[in-house]
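Notes follow the structure.
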DNA sequence: ACAAAAGTTTAGACGCATATAATTTCCCGA
DNA sequence: TCGGGAAATTATATGCGTCTAAACTTTTGT
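Protein chains in written order, with the numbering used here: chain R, -7 to 227; chain U, -7 to 227.
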């Protein structure tokens, strides 16, 4: 008897974690490697192998031994339901309970396994069906549809181009706090005014009229900032 | 590595469940029996015995073999923190997210293991530090202080006496829905106008001026309604 | 006062998710 | 094409919380 299963999905907490991690590691190119999953979930590789075996037997993912795994449609749907929960929770905590954007990830990471679909939908209603979370990530619909954004890292943008900062990972609180001190939030428009080679820093100009300013951003941080390219500034 | 522990308390989900269950079963008279805990938690009696052994080794409760268990001060404090979480959650879900009072228990039962102390305090602030949950149960303070109410079952009140319905268990959704259809909610004042012997029904008069009415309430339900006795109606 | 009934504990096992150590497979460079 | 290194898998074990079956107390009824 017993065994703690999540409401709505009916999967164990671990299963939910694996599916979400695999979803977030997926690329169109290659299957997701065992070691990558182990890294994200902070478990040993053999633990991943054994969970992967179970999940593939449940039809949630396809295991190509020694190559990696891919989500099946069923697995991807389950993963997207977890992503929806996570992002709605982050949005709710930020908008309704005064959390800062750097502290919601951890709280949502725990709550996503405990909330019912009903609670998530009530939160979504209270928020007016938000489309993006506080970090700019799109929120999947209840049906598992997600808007695929075509964004590129700030570090890849050419000097002179204009763009808008749209999204950043929710996983690094220190990084998020730093962005907050810079005044960079999703929606901030900027112009790339400089960029050093060899993974060097990027310089951007941004800020509302009057308080416009230039900011130097290190390569690592610039790679983490996902941006939409806007039309070139007309010289 | 691993093992899912709750934030803030640092106890496992099961430990939290046991402590809360034992707290709610405690009486000044006798220790809490193994079978009572097994009943509430829906586990087999031997499972209780083995958990009880662990918890008493951790100093959370005292085990009197074949007699039962009692919470130690540390165990009671931990239990009261869970009770606080549960009741704040129920109040928040009802007040801020439109839940009915019959459906919050189940949701809170899961969430209480996942929320951080910070989230609970933010909810408490948003609610204005409520003193009672939607079912009339007092909410312990952060420090584990709880207001001991001196209430008696409606089934024990004498004919002719006046009282105020104050509290009912949150565990039976059907019972709660029925009370809602009767218009009986915590705070409702009434007069006992009749009572049958041999665990028979109780008749009460209640309702605001104009819509006052009499209602027959079966013994079982009447036993569940905790009431404060008011002064006798002056004849 | 004692035997049956009721309740509790011990004994032994399982499922889940994890771990470490040893083995196997894959891939790439010489 | 073959050997070495990186990665994955198998084999085996552990901790937690649960279970059933059997043995043991305590309570109860006559």
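Glycine is no exception: its CB is placed at the ideal position from the N, C-alpha and C atoms.
Take the Cβ of residue 183 (chain U) as the centre, count every other Cβ of all protein chains shown within 10 Å, and call the residue buried at 16 or more, exposed below.
For the purposes of this step, residue 183 (chain U) is identified with residue 191 of the second chain, where counting begins at 1. Flag for residue 183 (chain U) reads buried.
Inspect the beta-carbon positions of residue 177 (chain R) and residue 157 (chain R) and report whether they are closer than 9 Å.
The residue you call residue 177 (chain R) lines up with position 185 of the first chain. The residue you call residue 157 (chain R) lines up with position 165 of the first chain. Contact: yes.
How about residue 79 (chain U) and residue 130 (chain U): are their beta carbons less than 9 Å apart?
In the second chain, residue 79 (chain U) corresponds to position 87, counting from 1. In the second chain, residue 130 (chain U) corresponds to position 138, counting from 1. Yes.
At a Cβ threshold of 9 Å, is residue 8 (chain R) touching chain U?
In the first chain, counting from the first residue as 1, residue 8 (chain R) sits at position 16. No, its Cβ sits nowhere closer than 9 Å to a Cβ of chain U.
Whole-number beta carbon distance between residue 96 (chain U) and residue 85 (chain U), since they are thought to touch under 8 Å
Here residue 85 (chain U) refers to the residue found at position 93 when the second chain is read from its first residue. Here residue 96 (chain U) refers to the residue found at position 104 when the second chain is read from its first residue. With a Cβ gap of about 5 Å, residue 85 (chain U) and residue 96 (chain U) count as contacting.
Measure from the C-beta of residue 13 (chain R) to each C-beta in chain U and report whether the shortest distance is under 9 Å.
Numbered from its first residue, the first chain carries residue 13 (chain R) at position 21. For residue 13 (chain R), the answer is no, since every Cβ of chain U falls outside 9 Å of its Cβ.
At which residues does the beta strand (DSSP E) containing residue 3 (chain R) begin and terminate?
Counted from its first residue, the first chain places residue 3 (chain R) at position 11. Counting along the chain, residue 3 (chain R) falls outside any beta strand (DSSP E), and DSSP gives it neither H nor E.
Once you ignore the five residues that flank residue 60 (chain U) on each side, which residues in its own chain have a CB closer than 6 Å to its CB?
Along the second chain, read from residue 1 onward, the residue named residue 60 (chain U) stands at position 68. So the qualifying residues of the chain are 23, 24, 25.
Within 10 angstroms of its Cβ, does residue 66 (chain U) collect 16 or more other Cβ (buried), or is it exposed?
On the second chain, residue 66 (chain U) is found 74 positions in, with the first residue counted as 1. Answer is exposed; the Cβ neighbour count stays below 16.
Which ranges would you report for the alpha helix (DSSP H) in the region 74 to 154 of chain U if only whole runs of at least 4 residues count?
96 to 103, 109 to 119
Could you tell me whether the Cβ of residue 110 (chain U) comes closer than 9 Å to any Cβ of chain R?
Here residue 110 (chain U) corresponds to residue number 118 of the second chain, with the count starting at 1. Output row for residue 110 (chain U): interface = yes.
Need the endpoints of the beta strand (DSSP E) that residue 40 (chain R) sits in, please.
Mapped onto the first chain, residue 40 (chain R) falls at position 48. Element bounds for residue 40 (chain R): not the beta strand (DSSP E) but the alpha helix (DSSP H), 37 to 49.
On the DSSP letters alone, give me the boundaries of the beta strand (DSSP E) that residue 60 (chain R) sits inside.
Here residue 60 (chain R) corresponds to residue number 68 of the first chain, with the count starting at 1. That run of the beta strand (DSSP E) goes 60 to 63.
Return the residues of the region 68 to 96 of chain U that lie within a Cβ-Cβ distance of less than 7 Å from chain R, sorted by chain order.
89, 90
So, does the CB of residue 115 (chain U) fall closer than 9 Å to a CB anywhere in chain R?
Start at 1 with the first residue of the second chain, and residue 115 (chain U) comes out as number 123. Yes, because at least one Cβ of chain R sits closer than 9 Å to the Cβ of residue 115 (chain U).
Quick one: residues in its chain with C-beta nearer than 7 Å to the C-beta of residue 108 (chain U), no 5 flanking neighbours on either side, listed in chain order?
Here residue 108 (chain U) is taken as the residue at index 116 of the second chain, counted from 1. These residues qualify, in order along the chain: -1, 0.
Run of the beta strand (DSSP E) containing residue 217 (chain R), from where it starts to where it stops:
Against the first chain, residue 217 (chain R) aligns to sequence position 225. Here residue 217 (chain R) belongs to no beta strand (DSSP E), and DSSP marks it neither H nor E.
Between residue 49 (chain U) and residue 163 (chain U), what straight-line distance do the alpha-carbon atoms span, to the nearest angstrom?
The residue labelled residue 49 (chain U) in the question sits at position 57 within the second chain. The residue labelled residue 163 (chain U) in the question sits at position 171 within the second chain. Cα-Cα distance, rounded: 30 Å.
Taking residue 181 (chain U) as part of the beta strand (DSSP E), name the residues at either end of that continuous run.
The count along the second chain starts at 1 and reaches residue 181 (chain U) at position 189. Where residue 181 (chain U) is concerned, the enclosing beta strand (DSSP E) stretches over 181 to 187.
Decide if residue 45 (chain R) is buried, meaning its Cβ has at least 16 other Cβ atoms within 10 Å, or exposed.
Position 53 of the first chain, counted from the first residue, corresponds to residue 45 (chain R). The residue is exposed, with fewer than 16 neighbouring Cβ atoms inside 10 Å.
Less than 8 Å between the CB atoms is what I'm expecting for residue 11 (chain R) and residue 100 (chain R), so what's the real figure, rounded?
Residue 11 (chain R) sits at position 19 when you count from the first residue of the first chain. Residue 100 (chain R) sits at position 108 when you count from the first residue of the first chain. Not a contact, Cβ separation roughly 16 Å.
Taking the straight line between their C-alpha atoms, what separation do you get for residue 143 (chain R) and residue 194 (chain R)?
As a working mapping, residue 143 (chain R) is identified with position 151 in the first chain. As a working mapping, residue 194 (chain R) is identified with position 202 in the first chain. Cα-Cα distance, rounded: 17 Å.
Thinking residue 134 (chain R) and residue 104 (chain R) are a contact (beta carbons under 8 Å), I'd like their distance in whole angstroms, please.
Here residue 134 (chain R) refers to the residue found at position 142 when the first chain is read from its first residue. Here residue 104 (chain R) refers to the residue found at position 112 when the first chain is read from its first residue. Wrong, their Cβ atoms sit about 15 Å apart, outside the cutoff.
Taking C-beta pairs closer than 7 Å, name the residues in chain U that residue 57 (chain R) reaches, listed in chain order.
Start at 1 with the first residue of the first chain, and residue 57 (chain R) comes out as number 65. By Cβ distance, chain U contributes nothing, its closest Cβ being about 25 Å from residue 57 (chain R), past 7 Å.
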